[in-house]
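Following: one structure in structure tokens, then a few remarks.
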Amino acid sequence: MPARLRGPVYGQPSETARPAVPWGVQCGEATASSAVIWSATDRPARMLVEYATDARFGGARRVTGSAALPETGYTARALLTDLPAGRDIFYRVVFQDLGDLRTLSAPANGSFRTAPADARSVSFIWSADTAGQGWGINPEWGGMKIYATMRRMAPDFFVHCGDLIYADNPIESEVALPDGRVWKNLTTPAKAKVAETLDEFRGNYTYNLMDEHVRRFGAETAQYVQWDDHEVTDNWYPQRLLDDERYTVKSCAVLAARARRAMLEFTPLALDARDGERLYRAVRRGPLLDLFLLDTRSYRGPNSDDQQARLGDEARLLGAAQSRWLEQELRASRATWKVIVAAAPLGLIIHHDWRRRWGSDGVAQGDGPPRGRELEIADLLRFIKDNAVRNVVWITADVHYCATHRYEPARARFTEFTPFYEFVSGPLHAGGFGPNALDDTFGPRVVFARPPARVNAPPTEGGLYFGHVAIDGRSGVMTVSHRDVAGAVLHQARLVPEGPAARS
27 MPARLRGPVY GQPSETARPA VPWGVQCGEA TASSAVIWSA TDRPARMLVE
77 YATDARFGGA RRVTGSAALP ETGYTARALL TDLPAGRDIF YRVVFQDLGD
127 LRTLSAPANG SFRTAPADAR SVSFIWSADT AGQGWGINPE WGGMKIYATM
177 RRMAPDFFVH CGDLIYADNP IESEVALPDG RVWKNLTTPA KAKVAETLDE
227 FRGNYTYNLM DEHVRRFGAE TAQYVQWDDH EVTDNWYPQR LLDDERYTVK
277 SCAVLAARAR RAMLEFTPLA LDARDGERLY RAVRRGPLLD LFLLDTRSYR
327 GPNSDDQQAR LGDEARLLGA AQSRWLEQEL RASRATWKVI VAAAPLGLII
377 HHDWRRRWGS DGVAQGDGPP RGRELEIADL LRFIKDNAVR NVVWITADVH
427 YCATHRYEPA RARFTEFTPF YEFVSGPLHA GGFGPNALDD TFGPRVVFAR
477 PPARVNAPPT EGGLYFGHVA IDGRSGVMTV SHRDVAGAVL HQARLVPEGP
527 AARS
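Take 27 as the starting number for the sequence shown in the working numbering and just add one per residue.
Now the structure itself:
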């Protein structure tokens, strides 16, 4: 446990040549007793974090974080431990210049909420897709203002379902709008081309952090992030070699290795001590809620027009080890609600090549009994039913519109599962697309959908969305709503838990 501070914490001999903190602070992987604090600076410097349960920092403690170095993109992080459950934690970060230990940065402040130990009410937000299709930061429009809307809702935490960046989507200074007006982007050298080098991938993350709403949201909300395709390039899989003249690096495996490193540097992830490459994990948010964040990119077989009738490595999306892990975690969970966080929906057809309507980048292989990647999901759904795992809900994004789907055996070609809901919400700040066609394999029914009026609809047309979940601490009832860029409720579903609900 860090020692209590005594006397002055920081001294600053002069205002000249202080380390900068240009990208603010973030918190991630918050549990009932720990959290990761992230920040970045502009030179070799040591991160120092002071934290307390008091906004005035009464009884504050301090922990020394990692060194920000060129090798880390000048990012650093610190692990806070022995935190009280269910409390607001206030923290401030300074950087100590390693070239002159007397010189410290100005403090950068943040806050977050630890997971509760009791069955109190829980709220969280999820969405995906930031700075896609060339729609970048437009100060005249108000920047990425959906992040300001989410911040005002003061959720317990935020889940980013992937496409944290669009490494394959350059940002131009001006984009013509359908109504004849011009969308004006902030631009940077890193966003002038597709990302191939480590520094270019890093530059995609710092581009998003140029937006004040993104920084303020990150400073006040604990985050859990996962990746999808655009952290690397559209519809990538490890074996893919690109046929794209924009790229000099053709190997997606090489690009993905650089992209993963940049993501680990520029997000507040906590690496698994047993496997520093592993991104899938379980998150416990008290007796009412467990989340299971999947990695649907790292272990998949090639995207193809997959018609395999037996499950093999080539047909997998999650991979055998992740599938076993998910089944074990679901069976062991004692939370009222089990929320599976996937990067893409189960029953919407997502073509690898949408222009030719060929192949699959998602689960759905087209109408009929399970084939290819659907076999892996069929096994999982059968496991959930056979082991009486109750109150499973899926949340996801990817398709750039919001929708609520109900999966029902009576409508399905594969029937060995318990009915469940899937909620799809996004994008945060990208072009609008859809609606996608439904595949009848698992019997999805559209309860609600809000697709755009055109392909790549600009943010000015209002098609930016996020999902909000509220779980009542007394009844255990989960209310899920889709919200627009202003925070207005577009659709709401009330889910009553099966079995005895956890109570405070």
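Glycine residues also receive a C-beta, built at the ideal position from the N, C-alpha and C atoms.
Query                                                                                                        : Result
Whole-angstrom distance between D205 and W420, CA atom to CA atom                                            : 37 Å
Straight-line gap, P183 to H494 (C-alpha atoms, nearest Å)                                                   : For the sequence presented, residue 183 should be read as Phe rather than Pro. Roughly 10 Å between the two C-alpha positions.
Own chain partners of A46 with C-beta closer than 7 Å, once the 5 adjacent residues on each side are dropped : T67, D68 and S131
Which of helix, strand or coil DSSP assigns to Y233                                                          : helix
Where the beta strand (DSSP E) through Y306 begins and ends                                                  : No beta strand (DSSP E) holds Y306; DSSP gives it neither H nor E.
Cβ-based burial, A512 [other Cβ within 10 Å; buried from 16]                                                 : exposed
Distance, F459 Cα to L105 Cα                                                                                 : 39 Å
Classification of E246 by the beta-carbon crowding that lies within 10 angstroms, buried from 16 upward      : buried
In DSSP terms, what I428 is bridged to                                                                       : In the sequence as presented, Ile is not what sits at residue 428; that position holds Cys. DSSP output for C428 lists R476 as bridge partner(s).
Contacting residues, own chain, Cβ-Cβ under 6 Å from L454 (five flanking each side not counted)              : S153, D155, T156 and I172
Alpha carbon of G33 to alpha carbon of L127, nearest angstrom                                                : With a pLDDT of 34 at G33, under the threshold of 50, the modelled position of that residue is not reliable, and the figure given next carries that caveat. When rounded, the distance between both Cα atoms is 19 Å.
Under the three-state DSSP convention, the category G136 falls into                                          : strand
Best match in A141, L490 and V51 for proximity to C536 [C-alpha to C-alpha]                                  : Only positions 27 to 530 of the chain appear in this structure, which leaves residue 536 out of reach.
Euclidean distance between Cα positions of Q334 and L374                                                     : 19 Å
For H239, the three-state DSSP class (helix, strand or coil)                                                 : helix
Buried versus exposed call for W384 [16 or more other C-beta atoms within 10 Å across all chains shown]      : exposed
Straight-line gap, D399 to C187 (C-alpha atoms, nearest Å)                                                   : The question names Asp, but residue 399 is Arg in the sequence shown. When rounded, the distance between both Cα atoms is 20 Å.
The region 360-369 contacting the region 313-330, beta-carbon criterion three pairs below 8 Å                : yes
N-terminal and C-terminal residue of the alpha helix (DSSP H) that L281 is part of                           : C278 to F292
Distance CB(R350)-CB(N413) smaller than 7 Å                                                                  : no
Cutoff 6 Å; reference R113; Cβ partners in own chain excluding five residues on either side                  : T79 and T140
Residue interval of the alpha helix (DSSP H) (run including E448)                                            : Not the alpha helix (DSSP H): E448 falls in the beta strand (DSSP E), residues F446 to V450.
For P165, the nearest candidate out of D123, P485, Y250 and G502 (CA to CA)                                  : P485
Residue range of the unbroken alpha helix (DSSP H) whose run includes R360                                   : Note, R360: premise wrong, no alpha helix (DSSP H); not H, not E.
Whether F492 touches M176 by CB criterion (7 Å)                                                              : yes
Same chain, Cβ closer than 7 Å to D270, five either side skipped, listed in chain order                      : none
G458: CB within 6 Å of a non-hydrogen atom of the ligand MG                                                  : With respect to small molecules bound, the structure shown includes none, and the ligand MG cannot be examined in it.
Range of the contiguous alpha helix (DSSP H) that encloses A404                                              : R399 to D412
Extent of the continuous alpha helix (DSSP H) to which A496 belongs                                          : It is not in any alpha helix (DSSP H) - A496 instead sits in the beta strand (DSSP E) that spans F492 to I497.
As assigned by DSSP and simplified to three states, the class of G202                                        : At residue 202 the sequence reads Ala, which differs from the Gly that was named. Strand at A202.
Residues sharing a beta bridge with G54, DSSP                                                                : V62 and Q249
Between the CA atoms of D301 and A248 - distance to the nearest angstrom                                     : 23 Å
Beta strand (DSSP E) runs contained entirely in the region 113-178, provided each spans 3 or more residues   : 114-123, 134-139 and 148-153
Short Cβ contact (7 Å threshold) for G160 with N195                                                          : yes
Helix, strand or coil at R266 [DSSP, three-state]                                                            : coil
Assigned exposure category for S451 - 16 Cβ within 10 Å defines buried                                       : buried
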